[in-house]
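J.:
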Amino acid sequence: MTLALLIEQLFNGVQFGLMLFLMAVGVTLVFGIMRVINLAHGSLFMIGGYFLMAALDWTSSYVLAVPLAFLMSALVAVVLEIIVLRPLYRRGPLEQVLATFGLTLFFNEAVTVIWGRESIPLQVPPLLTGSVEIIPGGAYPIYRLVITGVAIVAGLLLYLLITRTRVGALIRAGSDNREIVAALGINISLLYTLVFALSAMLAALAGIMMGPLLSVEPGAGDPILILTLVVVVIGGIGSVRGAFVGALMVGIFDTLARVLIPLAIQTNATSALVGMAVYVLMAVVLLFSRTGLFAAHRG
Amino acid sequence: MRPNLVLRRRGWLLLLLLAVAILLPPWLGTYYVRFATQIAIYGMAALSVDLLLGYTGLITFGQAGLFGVGAYAGGMLIVLGVTNAFVAWPLAILITMLFALAIGALSLRTRGFQFIMVTLAFAQMLYYFAQSLRNWGGDDGFSTQRRNDLGFLSLESHATFYYVVLVLLVLVVWLCHRLVRSEFGMVIRGIRDNERRVAAIGFPPYRYKLVIFVIAGGIAGLAGALMANHAKFVNPAVLSWQLSGEILAMVILGSAGSLIGPVIGAAFFLAFRDVLSDYTEHWMLFFGPLLVARVLLLRDGIWGMLLRATGAGEVPKEPKVDFPEVPKPTAEEKPGAGP
Amino acid sequence: MSEFLLEIEGLRKSFGALVATDNVTLNIRTGETHALIGPNGAGKTTLVGQLTGELAPDAGHIRFAGRDITALQTADRARLGLARSFQITSIFPTFTAEENVALAVQATEPHSYRFWQPAETIERLRKPARKLLGDVGLESLGRRIAARMSHGQHRQLEIGMALATTPVMLLLDEPMAGLGMEESRAMSQLLASVKGRYTILLIEHDMDVVFSLADRITVLVGGRIVASGTPDEIRKSREVRIAYLGEDDDEFAGGLDAPG
């Protein structure tokens, strides 16, 4: 029974880690290529969930609502990139931090104005309710398995995109040397828009899939954003591989800490330890490596 | 314009501001006395951020963490019966400085992007820690019931408390004024300008950055303890990342790299919130875009604009920050880049 | 004290497949002016980085005044008396010229954890700073904000800051880089005036300066030392001509034939 529980939690950890990867890869790509720190990334996660909810209201069908929410998120991202991000490319890190923080404040309030302050529960799609027995005695929700699968597929597609395609080659070139990209006569602003939209769509995808597990509420992206940043710090900024390893580490570590620490210690300090576990992990990584595990840029 | 004249104008401007701070709130009434107290407290917190941002070139996104440690320490000390401010406040400062030492020792190992994220993450860790303090109300926080006293003087009157906070703020500004012009101040400003050069002439930058981080932490801690006194209530919101961002915004709105700017920025932020809150609970809907607009459209904060408008000097337009990931094509680096 | 002030032994540094410093062994005598030359990409900058402590070597040792400094931080090396100037101007742009030098003077004190007295009133720092500004030809510009000075003045300021740390040895990384003719003349005069007073490692592309100032010259190509000797020996070395730039390079030949 304990083993079954442990395996179930391990699955949960991997699944959470993959969600964090979808988030972290966006932050790290946007920084690696455009040199922009995007604190509004959590908002893109949040509006993914809201758009799904709204689309469900209109269409009453997950099959229609999910792609619709996805498209709307991409649209918001493109508008955002053109209006706010573009002027920021030439600005310093401080201004980027403040402007994207301002965006987060705006989005958190905007969804409150439109949909209210209360958190809105989302149902798991009817087709995906129920569970399967993955190991004897351990039933696992189908929905979690499916979103894990989707995240893996998304990750693989991203890998293929970066390593096998022309756009991917541009992305890699851009993250190494933007002058080269510009010198090749490639439309760099289009490339930037694409990268930002891609990162936003991955964040929205995570938000859409997490919607039925968490609830949709104002500020829902904030804790995810901060965990995402922890992932990026651990993995090393600018590195997609680092984002992947860091995300899995944080996802599994956080999930297991929530299960194992209360089993081991039952005092007042338990919940404190659980909440702080991930940050302790980050501190330990920093003690050994100042720039994270897979630093792409030496500081 | 002659330097003397500029300095004299700046002196008059400062005197005018001080006169307003002393005379205006009581004349307007209790509500505004409390409002002004808030400005002074947040101004002090913003000043601590500016020591790091404007004078050392460090972008910290976690100062609310230290502000909150000060608030919790201050509030807890009152509840635990340490009512004398001469004991409680230095103790709260000391506790916060210890936290700053631990956080700074780790986060200052990193630079640039990592530093911003790590300071944010540690503040968030403190936030979760505070949430888990069930004996202290957990998520709901706790009430201190009363304020500290100065031994002979009760601070329960809002006006008395305000003037004590104001005196402390002026004191802190003055101490910082000495600090940034001292030999130590030259070193940290040198680090802001050119950390590599500072190391090359023989200063270990890490240690000096850690010292200013701890000093700034102490100031934030004092501000936090004063906030616990002001509100007679402490909850985890004092450690939230939004507050860290708001404090950073105050510094930028007011002008980084000056000691008065952050206080002006705090005043502007609180006034903006106060005025808009009369019309809508969704004032953040306007503050977010305002912040974006300030960053995209203006190159200067309020204090900088005020100084220039009155011919009383200027502040650095945009603080130079430590960010090794982005090569800065600054003027002094262009020539002689190769044979 | 040993005959050599700086001893580099078996130093090696590679970046991935690129070997930037390939088993470099080099000794620099106390008091000599030693020039390090080599084509672009020869690994001069990487070598300087390891000498100053900004880069950690993969293997080898660096001894300074008899002490192994391989593991020391940049600041600690500076405190031992190893001062440097930068190839790309590196100053404090918001400080005045005098403040730039005064901060370097301040660095010679045991520590700077003094928080009270305004630095501008401390004559113990300001007096030597003003004198050094005079030495490098900037006496009238003490109050000028460094960002508003010319490139040539920046280079002079660099030297002034290096001298202000009361060094034993100067590591001058292309002090002539980007200077106009008039400025070049002033700079080579300045360099001639410090020659002999300090042990100097001079990295420089200007062959006139190298051959007129250096007591010994080391040639670095592809991360490896291909020759080391007096200016005469280097001038005659066929090996150097071939390895350095190919035989018929006019600039190099000019430098060889008409030194000074």
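Going down the list, the protein sequences come from chains A, B and C. When you read off a place in the first sequence, starting at 1, and then add 2, the result is the number in the numbering used here. When you read off a place in the second sequence, starting at 1, and then add 39, the result is the number in the numbering used here. When you read off a place in the third sequence, starting at 1, and then add 21, the result is the number in the numbering used here. Ideal Cβ placement from N, Cα and C applies to all residues, glycine included. In this text the structure is predicted, and so the values were computed from the model without any measurement.
(1) Am I right that C/L57 and C/T67 are in contact with their C-beta atoms under 8 angstroms? What's the rounded C-beta distance?
(2) List the residues of chain A whose Cβ lies closer than 7 angstroms to the Cβ of B/I291, in chain order.
(3) Taking buried to mean at least 16 other C-beta atoms within 10 Å of its own C-beta, is C/E260 buried or exposed?
(4) Report the neighbours of B/Q170 on chain A: residues whose CB is nearer than 9 angstroms to its CB, in chain order.
(5) Check C/A279 in the structure and name its three-state DSSP category.
(6) Whole angstroms are fine: how far does the CA of C/V242 sit from the CA of C/E204?
(7) Look at the alpha carbon of A/R292 and the alpha carbon of B/T149, and state the distance between them as a whole number of angstroms.
(8) In chain order, which beta strand (DSSP E) runs of at least 3 residues are fully inside the segment 246-287 of chain A?
(9) For C/H137, count the other beta carbons within 10 Å of its own beta carbon; 16 or more makes it buried, fewer makes it exposed. Which is it?
(10) Taking a contact to mean a Cβ-Cβ separation below 7 angstroms, would you say B/A262 touches B/F106 in this structure?
(11) Give me the residue from C/I263, C/L223, C/G62 with the minimum Cα distance to C/L193.
(12) With DSSP as the reference, identify every bridge partner of B/S182, one or two as the case may be.
(13) Are C/L146 and C/A123 closer than 7 angstroms when you measure CB to CB?
(14) Thinking A/A245 and A/F23 are a contact (beta carbons under 8 angstroms), I'd like their distance in whole angstroms, please.
(15) Which ranges does the alpha helix (DSSP H) cover as unbroken runs of at least 4 residues, wholly within the segment 179-253 of chain C, from first to last along the chain?
(16) Suppose the cutoff is 6 angstroms on Cβ atoms and the five residues either side in sequence are ignored; what does the same chain contact list for A/L283 look like?
(17) Mind pulling the chain B residues with CB within less than 8 angstroms of A/G248?
(18) Compute the Euclidean distance between the alpha carbons of C/L47 and B/A160, then round it to the nearest angstrom.
(19) Should C/Q127 be flagged as near chain B, meaning a C-beta pair shorter than 7 angstroms?
(20) Do A/V235 and A/I35 have their C-beta atoms within less than 7 angstroms of each other?
(21) Checking contacts by CB at 7 angstroms: is C/A207 closer than that to chain B?
(22) What's the call for C/G276, buried or exposed, on a 16-neighbour Cβ count within 10 Å?
(23) Tell me the rounded alpha-carbon separation between A/V29 and A/G51.
(24) Pairs of beta-carbons, one from the segment 118-135 of chain B and one from the segment 293-304 of chain B, closer than 8 angstroms: are there three or more?
(25) Flag this pair as yes or no: are the beta carbons of B/H197 and B/R312 separated by less than 7 angstroms?
(26) Distance, Cα to Cα, C/G281 vs C/D156?
(27) Looking only at C-alpha atoms, which of A/A259, A/I239, A/G237 sits nearest to A/Q11?
(28) In or out: B/T69 buried (at least 16 other Cβ within 10 Å) or exposed?
(29) Does the CB of B/R150 have a neighbour CB from chain C at under 7 angstroms?
(30) Just to confirm before moving on: does the CB-CB distance between A/Y142 and A/L130 stay below 7 angstroms?
(31) Drop a sphere of 10 angstroms on the beta-carbon of A/P123, count the other beta-carbons inside from all chains shown, and report buried for 16 or more, exposed for fewer.
(32) Assign C/S35 to one of three DSSP states: helix, strand, or coil.
(33) At a Cβ threshold of 7 angstroms, is C/D159 touching chain B?
(34) Over what stretch of residues does the alpha helix (DSSP H) that includes B/F325 continue unbroken?
(35) Give me the Cα-Cα distance between B/L214 and C/P60, rounded to the nearest whole angstrom.
(36) Helix, strand or coil: how does DSSP classify C/A77 here?
T.: Taking the geometry as given:
(1) In fact, because the Cβ distance is near 12 angstroms, the residues do not count as touching under 8 angstroms.
(2) L100
(3) exposed
(4) S273, A274, G277
(5) For C/A279, the predicted structure reports a pLDDT of 38, less than 50, and the residue's modelled location is therefore unreliable. The matter cannot be settled from this model.
(6) 29 angstroms
(7) 5 angstroms
(8) none
(9) For clarity, residue 137 of chain C is Trp in the given sequence; the question names His instead. Exposed.
(10) yes
(11) C/L223
(12) B/F272, per the DSSP bridge assignment.
(13) yes
(14) Indeed, because the Cβ distance is near 6 angstroms, the residues count as touching under 8 angstroms.
(15) 202-215, 228-234
(16) The beta carbon of A/L283 lies closer than 6 angstroms to those of F255 in the same chain, with the five residues before and after it left out.
(17) Residues of chain B passing the Cβ test: none, with the nearest at roughly 12 angstroms.
(18) 47 angstroms
(19) yes
(20) no
(21) no
(22) Annotation note: pLDDT 44 at C/G276 (below 50); position unreliable, no value reported.
(23) Approximately 19 angstroms, taken between the alpha carbons.
(24) Per the Cβ contact rule, the segment 118-135 of chain B is not in contact with the segment 293-304 of chain B (fewer than 3 Cβ pairs under 8 angstroms).
(25) no
(26) Model confidence at C/G281 stands at a pLDDT of 33, short of 50, so the residue's coordinates are unreliable; what they give is reported in the following sentence. Whole-angstrom Cα-Cα distance: 23 angstroms.
(27) A/A259
(28) exposed
(29) no
(30) Their beta carbons are not under 7 angstroms apart, which means A/Y142 does not touch A/L130 by this criterion.
(31) exposed
(32) strand
(33) Note on residue identity: the sequence assigns Leu, not Asp, to residue 159 of chain C. Cβ-Cβ to chain B under 7 angstroms: no for C/L159.
(34) 323-336
(35) 53 angstroms
(36) coil
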